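Take 4 as the starting number for the sequence shown in the working numbering and just add one per residue. Idealized CB from N, CA, C, for every residue including glycine. Given the structure is predicted, the values throughout are model-derived calculations rather than measurements.
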Amino acid sequence: MKRFPIAAFLMFFLLTACGGTSPVSVTPSSLPAEERTPLPAATATANPAALETATPTPAVPTLLLVAPTGCATPYETFCQGLEARAVAQNWQVSQVDALPAFLPSQTQAVVLLPGLQDLSQVMSQVGDVPVLAVGYTDAPAMPNLSVLDPQGATLEKRAFLAGYIAALATEDWRTGIVVPAASGEGTALQNAFLQGTTYFCGLCRPAYPPFHTYPVVAVHTEGNATQTLQTLADQAVATAYLPASLSEDTALLEAIAQASLQWIVEGQTPATLQDMLVARIFPSPASALDALWPALTGGDAVHLPMPIGVDAPGLSPGRLRLAQDVATDLMEGRISVQQP
Numbered sequence: 004m005k006r007f008p009i010a011a012f013l014m015f016f017l018l019t020a021c022g023g024t025s026p027v028s029v030t031p032s033s034l035p036a037e038e039r040t041p042l043p044a045a046t047a048t049a050n051p052a053a054l055e056t057a058t059p060t061p062a063v064p065t066l067l068l069v070a071p072t073g074c075a076t077p078y079e080t081f082c083q084g085l086e087a088r089a090v091a092q093n094w095q096v097s098q099v100d101a102l103p104a105f106l107p108s109q110t111q112a113v114v115l116l117p118g119l120q121d122l123s124q125v126m127s128q129v130g131d132v133p134v135l136a137v138g139y140t141d142a143p144a145m146p147n148l149s150v151l152d153p154q155g156a157t158l159e160k161r162a163f164l165a166g167y168i169a170a171l172a173t174e175d176w177r178t179g180i181v182v183p184a185a186s187g188e189g190t191a192l193q194n195a196f197l198q199g200t201t202y203f204c205g206l207c208r209p210a211y212p213p214f215h216t217y218p219v220v221a222v223h224t225e226g227n228a229t230q231t232l233q234t235l236a237d238q239a240v241a242t243a244y245l246p247a248s249l250s251e252d253t254a255l256l257e258a259i260a261q262a263s264l265q266w267i268v269e270g271q272t273p274a275t276l277q278d279m280l281v282a283r284i285f286p287s288p289a290s291a292l293d294a295l296w297p298a299l300t301g302g303d304a305v306h307l308p309m310p311i312g313v314d315a316p317g318l319s320p321g322r323l324r325l326a327q328d329v330a331t332d333l334m335e336g337r338i339s340v341q342q343p
């Protein structure tokens, strides 16, 4: 019985040792105020996208067109074609009536129509920017200057083409020309017109009376318009050519309006001749754009003659094409207007 107290004591000791202590959860709120440590505040992080700098829009390449407002005749079609080609190349056209003292940095080329600025002054301003001078003569040879020279469409070439069209459009080739008496160009006009008719119809002999030698030449003296036209009527002329030098003779134009003739004119058609018009011959800078544009945008310099255009309400489409082909051959030197 003495062993019972010892066994009981050992049992009590073992149970106490195995019990341990329960864990205590400590939170900041359970600590004294002086022992609490504040948590760090959250810091806002900048949005990288918001920090990016906006990329500036690149300047649009610009073609400076120095021209009168509206591009006066005969350059309307040229200006339209120029703008269409610029837009196709993602350029913009800026039309001004004078070249600025300092070119905008995005200027890719300059096109200059005649009558507004001195060409040498322009070339001194542009540096190495390509320039196209339209309708300028005696232009200097420069590596960045292209020229469309009006002297290519000479008086003789225009008269030759008028003679060809007159024969092409007229039954029995009854053609004529009015030449100014007080001008040295009369003989040159007459000879070139004759060559043009001969190029189409050879001897140009009528098959039916009245039999006259064609073409008929009517020499016009100022103030004598009635007699000029009577010369044509007396020899049964059906189609006549009025050169550019006589296109502003008011008395002659009034007399023409009363005559029963068809006419070939140059430049703008006088209002009194609208219903009598067979064909109109005019400078055609737009026809040269296909050759000029690659040179202008490629940095090359070319010197081309001004093409001759033909507008012919009195011709069939087939005959108009023949006239246009002859105009091209004249400008490209395949037909000579020199007398044999």
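- Note: residue 96 is bridge-paired with 66 in the DSSP secondary-structure output.
- Cα atoms of residue 169 and residue 176: separation of roughly 7 Å, rounded to the nearest angstrom.
- By the Cβ rule, the region 273-281 does not count as touching the region 291-311, because fewer than three pairs are nearer than 8 Å.
- Pairing residue 257 with residue 224, the inter-Cα distance amounts to about 15 Å.
- Secondary structure at residue 112: strand, using DSSP grouped into helix, strand and coil.
- DSSP, read as helix, strand or coil, puts residue 253 in helix.
- Note on residue 161: 16 or more other CB atoms within 10 angstroms of its CB, so buried under the neighbour-count rule.
- For residue 149, the enclosing beta strand (DSSP E) stretches over residues 148-152.
- Its chain contains 115, 122, 142, 150 as the residues whose beta carbon lies nearer than 6 Å to that of residue 136, once the 5 sequence neighbours on both sides are disregarded; these appear in chain order.
- Taking C-alpha positions only, residue 108 is separated from residue 88 by approximately 21 Å.
- In the three-state scheme derived from DSSP, where H, G and I count as helix and E and B as strand, residue 308 is classed as strand.
- In this structure, DSSP gives residue 269 an extended state, which the three-state scheme calls strand.
- The alpha-carbon of residue 273 is positioned some 11 Å away from that of residue 249.
- Between the beta-carbon of residue 193 and that of residue 219 there is about 10 Å, and that puts the pair past the 8 Å contact cut.
- Bounds of the beta strand (DSSP E) holding residue 137 are 134-137.
- Straight-line measurement puts the Cα of residue 76 at about 24 Å from the Cα of residue 332.
- The residue among 183, 205, 134 with its C-alpha nearest the C-alpha of residue 226 is 183.
- Of the residues assessed, residue 118 falls on the exposed side of the cut-off, its CB having fewer than 16 other CB atoms within 10 angstroms.
- A residue is called buried when at least 16 other Cβ atoms come within 10 angstroms of its Cβ; residue 105 does not meet this threshold and is exposed.
- For residue 283, the beta-bridge partners assigned by DSSP are 268, 314.
- For residue 220, the three-state secondary structure derived from DSSP is strand.
- Here residue 101 is exposed: its Cβ has fewer than 16 other Cβ atoms, across all protein chains shown, within 10 Å.
- Per the C-alpha coordinates, the member of 178, 228, 239 positioned closest to residue 267 is 178.
- Excluding five sequence positions before and after residue 112, the CB atoms of its chain that fall closer than 8 Å to its own CB belong to 66, 67, 132, 133, 134, 135, 299, 300, given in chain order.
- In this model, residue 242 and residue 191 are separated by some 19 Å (Cα to Cα).
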